[in-house]
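Right, one structure below, let's go through it.
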Amino acid sequence: MRRALRALSAWLSRIRDDDRPPTDPFDAAVELARRQRLAHEAIRRRLRRTDTGDLEVVEWWR
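Numbers in our numbering are just positions in the sequence shown, counted from 1, shifted up by 30.
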């Protein structure tokens, strides 16, 4: 039981550490670029090009 609690505590502390913004400017720039890339990918998944070259919404709600 004690081992399980220690493992859970370590896992929760890693999650908390991951939620903190990076203090190093380079790490902050990398994190911002990663989040922007994920946002652009999510937008691209919801849009597609039509035969005329226009963008069309494929899926609006998830």
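Cβ coordinates follow ideal geometry from the N, Cα and C atoms, glycine included.
| Check | Outcome |
| --- | --- |
| Leu77 and Leu68 - do their beta-carbons sit closer together than 8 Å? | no |
| The ligand MG and Arg67: does any heavy atom of the ligand fall closer than 7 Å to the residue's C-beta? | Because no ligand of any kind appears in the structure shown, any question about the ligand MG cannot be addressed here. |
| Return the CA-CA distance between Arg65 and Thr53, expressed in angstroms with no decimal places. | 16 Å |
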